[in-house]
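Chemist: Quick note on numbering: numbering that gives the first Met the number 0 labels position 9 of the sequence shown as 8, and the sequence is numbered without any gaps. Attaching a single structure in structure tokens format; questions to follow.
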Amino acid sequence: MNAVPPEKSDLTAQQRGLEVYSALRDGPKRVQELAAIVGISERGVYRILENISYKYPVTNAGGYWYLL
Numbered sequence: 000m001n002a003v004p005p006e007k008s009d010l011t012a013q014q015r016g017l018e019v020y021s022a023l024r025d026g027p028k029r030v031q032e033l034a035a036i037v038g039i040s041e042r043g044v045y046r047i048l049e050n051i052s053y054k055y056p057v058t059n060a061g062g063y064w065y066l067l
């Protein structure tokens, strides 16, 4: 069972989305890595990835998420 990282309450939802997008621009990342970067649960990261995918092509290969 994965522990939920402490939430970075100083970030808005939009800022968290930008953090995830920015991290993916730097290269492929696993959901666990993104959760640690943003300070939210893995489930929260999946929701952000879903929202990002409405505007930008995001995909997963071998457990790594990246921008096309």
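By construction, the Cβ of each residue, glycine as well, lies at the ideal position given by its N, Cα and C atoms. Bear in mind that the values here come from a model prediction, so they are computed numbers and not experimental data.
#1: Identify which residue in P56, N50 and N59 has its Cα closest to the Cα of Q13.
#2: Is it buried or exposed for K54, if we count other Cβ within 10 angstroms and need 16 for buried?
#3: Closest to G61 by CA distance: which of E18, A34, R29 and I39 is it?
#4: In the structure shown, what three-state DSSP assignment does G62 receive?
#5: DSSP beta-bridge partners for V57?
Modeler: On the basis of the coordinates in this document:
#1: N50
#2: exposed
#3: R29
#4: coil
#5: L66
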